[in-house]
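First residue of the sequence shown: 1188, per the working numbering; consecutive thereafter.
All C-beta atoms, glycine included, are put in the ideal place defined by N, C-alpha and C.
Only one structure is covered here, and it is reproduced in the block below.
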Amino acid sequence: MASSANGQDFDAVIVGAGFAGMYMLHKLRQAGLSARVFEAGDGVGGTWYWNRYPGARCDVESLEYQYGFSDEIQKGWTWSERYSAQPEILRYQNYVADKLDLKRDIQFSTRVTSATYDEPNALWTITTDKGNTVHARFCIMATGCLSAARVPDFEGIDDFTGDWYHTGDWPHEGVDFTGKRVGVIGTGSSGVQSIPLIAAQAKHVTVFQRTANFTLPACNRPLDPAVAAASKQTLLEDRKHALTTAGGIICFEYNERLAEDFTEAEVEAEMKARWEAGGFAFLGAFGDVMLTKSANDKAADFARREMRKHIKKPEVVDLLLPNDHPIGVKRLCLDTDYLETFNAPHVELVNARATPVSRISADGIVCGDKEYKVDAIVFATGFDAMTGAILGVNITGRKGEKLKDKWAAGPRTYLGLGSAGFPNLFFITGPGSPSVLSNMIVSIEQHVDWITDCLSRLTKGNLRVIEVKPDAEDTWVAHVNELAATTLYPQANSWYMGANIPGKPQVFMPYPGGVGVYGEKLAEVANADYDGFALGA
Ligand code: NA7
């Protein structure tokens, strides 16, 4: 590796080789910039590399959950199901990586440990756990929003004599639960997807539920080949359309009419049609589901009624039906046989809200004074979302400021793309951008395209440095908070709010204004020569 006169090894270092890092690398190459990607896994994929638990599946439809930047790539790949399972998505990512010959610029099995800004040289010094030290003008965090898997620090876990797993760091060779008593802690998407498959194998399953979640029918099915073929003719145009929508998807539309503008019969019909279609369409039943409690109550009541139909064991009905938060304010789960699983005699549901898990014993899980004997534990306990992976790297900006300290009361960004005091550092789908409230791939492409244009602008103008202005950041942070306060989102202990991590500041992290509106803002900023950023030589 030859360094330039000022010690620069690459134009950019990209952290992470999931969907974001892969596309970022491709775009930088196209722009004539050199880049090195560091990736902790031994292959590409990010989320889909790590989350190999049984039943892992995307909850955005496969025809929309794919790259939309290349006609050749999309035409060369055919999805098999409405919602893709993890192995198929990972195969797709490898197909893209090979097609674009990305892997030669990715250093695998390498975790970035620190990134330090060297102000006099306007370079980032990046170090890794494999002993690398490289210098680059730009540091781009493509670290994903849900990639810092979190096992709660239960006392006694080291003494557990069985095997334990986290869904977000699942063994590549798979796990055979045949004949085992399995304890599953957590009932978010990962729990909801994995519990039916674990229960199909295990001798006995004990599920520890702290919060009952709303589950919507997935209605997954094999993709009709005619539908898949037709989508190839329109995908690139469809993607332009998706970029104008709130969620970055076009497979359903959000109704603009408010709940009160419907008759009772219309309300029922609208919700029924959307429920039966499966997936997140239900949440778009009326324009104010996420805005007013009365509208949300209608949707929540309907969902509970439908969910109840699947639950046959009287002793678990009330426990499985969510009633402590509005529908949609915690990430909704798509359900394939989840509720039915609790009808089986060998599946037990424990109310870990009433009696929290207090410790792990040598051979079980303890709640209060009751011990549940298990041979294996599955932690489906989620992630340090949105900030965990970014702050997992020791990032130091100008004047020795640590990003961890700057974000101590919650993440502060301008547009979710950068943070004042940290020049030439970009976050792809960072906190303050639509990210997890949208189709991630659409939001990733939106960010990567914007960052690439920005870097090209700097290069052409012989500018070396771009940095968020503090006032632009303050205004954006306030704007995101104000918008969030007009929604029902803050009314739940969700990972959107950082509430799943003890001690994490509770701030609503994603931008709730929608991909389309956000995209207009991004374009405005770029067109005004990066308004809100200071550009410098
Ligand atoms: P989630 O959605 O964060 O779910 C984690 C689950 O684990 C959730 O039910 C938590 O309950 C539960 N949890 C966490 N800590 C504990 C403790 N200490 N005791 C009991 N239960 C606990 O993560 P997932 O992996 O399921 O899904 C992440 C995203 O991936 C998902 O939203 C989709 O976007 C895809 P809580 O609700 O906090 O009470």
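By the three-class DSSP mapping on this structure, what secondary structure does residue i have?
{"i": "LEU1709", "result": "helix"}
{"i": "VAL1561", "result": "coil"}
{"i": "GLY1466", "result": "helix"}
{"i": "ARG1546", "result": "strand"}
{"i": "TYR1236", "result": "helix"}
{"i": "MET1328", "result": "strand"}
{"i": "CYS1641", "result": "helix"}
{"i": "SER1481", "result": "helix"}
{"i": "VAL1362", "result": "coil"}
{"i": "GLN1396", "result": "strand"}
{"i": "TRP1663", "result": "helix"}
{"i": "SER1301", "result": "strand"}
{"i": "ALA1721", "result": "strand"}
{"i": "ASN1308", "result": "coil"}
{"i": "ASN1442", "result": "coil"}
{"i": "TRP1357", "result": "coil"}
{"i": "PHE1734", "result": "With the chain running from 1188 to 1724 in the structure shown, residue 1734 is simply not present."}
{"i": "TYR1279", "result": "helix"}
Considering only C-alpha positions, which residue in the set the options is nearest to residue i?
{"i": "THR1393", "options": "THR1479, CYS1332, ILE1552, SER1606", "result": "ILE1552"}
{"i": "ILE1498", "options": "LYS1427, LEU1478, THR1402, THR1568", "result": "THR1402"}
{"i": "GLN1159", "options": "ALA1686, ARG1540, ASP1511, ALA1222", "result": "The structure shown does not extend to residue 1159, since the chain is modelled only from 1188 to 1724, so the question has no answer here."}
{"i": "SER1630", "options": "LEU1507, GLY1232, GLY1255, TYR1240", "result": "GLY1255"}
{"i": "ALA1539", "options": "VAL1414, ASP1592, PRO1621, ALA1399", "result": "ALA1399"}
{"i": "VAL1544", "options": "TRP1637, GLU1654, ILE1372", "result": "ILE1372"}
{"i": "ASN1687", "options": "GLY1569, ARG1492, LYS1390, THR1450", "result": "GLY1569"}
{"i": "THR1574", "options": "ALA1204, PHE1469, ALA1329, GLY1719", "result": "ALA1329"}
{"i": "THR1297", "options": "VAL1321, HIS1353, GLY1228", "result": "GLY1228"}
{"i": "ARG1492", "options": "LYS1480, ALA1482, SER1481, ASP1505", "result": "ASP1505"}
{"i": "LEU1675", "options": "GLY1205, ARG1495, ASP1511", "result": "ASP1511"}
{"i": "GLY1355", "options": "ASN1193, GLY1242, ALA1672", "result": "GLY1242"}
{"i": "CYS1641", "options": "MET1209, LYS1214, ALA1415, ASN1193", "result": "LYS1214"}
{"i": "THR1768", "options": "ALA1671, LEU1536, VAL1655", "result": "A question about residue 1768 goes unanswered here, because the residues of the chain that appear run from 1188 up to 1724."}
{"i": "VAL1534", "options": "LEU1722, ALA1665, LYS1480, GLN1388", "result": "GLN1388"}
{"i": "GLY1349", "options": "ARG1337, THR1639, VAL1362", "result": "VAL1362"}
{"i": "GLY1700", "options": "PHE1609, ASN1668, MET1684", "result": "ASN1668"}
{"i": "LEU1277", "options": "ASP1258, TYR1252, SER1257", "result": "TYR1252"}
Measuring CB to CB, does residue i end up less than 9 Å from residue j?
{"i": "LEU1430", "j": "GLY1466", "result": "no"}
{"i": "VAL1623", "j": "ALA1572", "result": "yes"}
{"i": "ASP1439", "j": "ALA1417", "result": "What sits at residue 1439 in the sequence shown is Phe, not Asp. No, the pair does not count as a contact, with Cβ atoms beyond the cut-off."}
{"i": "TYR1279", "j": "GLN1380", "result": "no"}
{"i": "VAL1200", "j": "ALA1302", "result": "yes"}
{"i": "GLN1678", "j": "PRO1513", "result": "yes"}
{"i": "VAL1231", "j": "ALA1284", "result": "yes"}
{"i": "ARG1651", "j": "ALA1309", "result": "yes"}
{"i": "ARG1291", "j": "ALA1272", "result": "no"}
{"i": "GLU1306", "j": "LYS1586", "result": "yes"}
{"i": "TYR1441", "j": "LEU1470", "result": "yes"}
{"i": "PHE1529", "j": "GLY1605", "result": "no"}
{"i": "ILE1628", "j": "VAL1247", "result": "yes"}
{"i": "GLU1557", "j": "LEU1578", "result": "Residue identity check: residue 1557 is Lys in the sequence provided, not Glu. Result no, Cβ atoms of LYS1557 and LEU1578 do not sit closer than 9 Å."}
{"i": "ALA1486", "j": "PHE1473", "result": "yes"}
{"i": "PHE1325", "j": "ASN1581", "result": "no"}
{"i": "VAL1655", "j": "THR1583", "result": "no"}
{"i": "THR1234", "j": "GLY1378", "result": "no"}
{"i": "VAL1321", "j": "ASP1196", "result": "yes"}
{"i": "GLU1275", "j": "SER1257", "result": "no"}
Assuming the contact rule is C-beta atoms closer than 8 Å, residue i and residue j should be a hit. Round their C-beta distance to whole Å, please.
{"i": "SER1620", "j": "LEU1602", "result": "6 Å"}
{"i": "THR1300", "j": "ASP1316", "result": "5 Å"}
{"i": "TRP1351", "j": "ASN1238", "result": "That belief does not hold up - the Cβ atoms of TRP1351 and ASN1238 are roughly 16 Å apart, past 8 Å."}
{"i": "GLU1527", "j": "ARG1408", "result": "Rounded, the Cβ-Cβ distance is 17 Å, inconsistent with contact."}
{"i": "ALA1323", "j": "VAL1635", "result": "So it is not a contact: roughly 17 Å between Cβ atoms."}
{"i": "SER1681", "j": "VAL1516", "result": "6 Å"}
{"i": "THR1482", "j": "LEU1508", "result": "Residue 1482 is actually Ala in this sequence, not Thr. So it is not a contact: roughly 19 Å between Cβ atoms."}
{"i": "ALA1659", "j": "THR1523", "result": "Rounded, the Cβ-Cβ distance is 44 Å, inconsistent with contact."}
{"i": "THR1265", "j": "ALA1415", "result": "6 Å"}
{"i": "GLU1632", "j": "TYR1210", "result": "6 Å"}
Exercise for the section: Take every Cβ of the region 1355-1374, pair it with every Cβ of the region 1561-1568, and state whether three or more of those distances are shorter than 8 Å. Expected result: At 8 Å Cβ cutoff, the stretches touch.
Exercise for the section: Report yes or no: do three or more beta-carbon pairs, one from the region 1433-1440 and one from the region 1539-1551, lie closer than 8 Å? Expected result: Contact annotation: the region 1433-1440 does not touch the region 1539-1551, with fewer than three C-beta pairs closer than 8 Å.
Problem - Three-pair Cβ contact test at 8 Å for the region 1606-1617 versus the region 1685-1695 - result: Cβ pair count under 8 Å is below three, so no.
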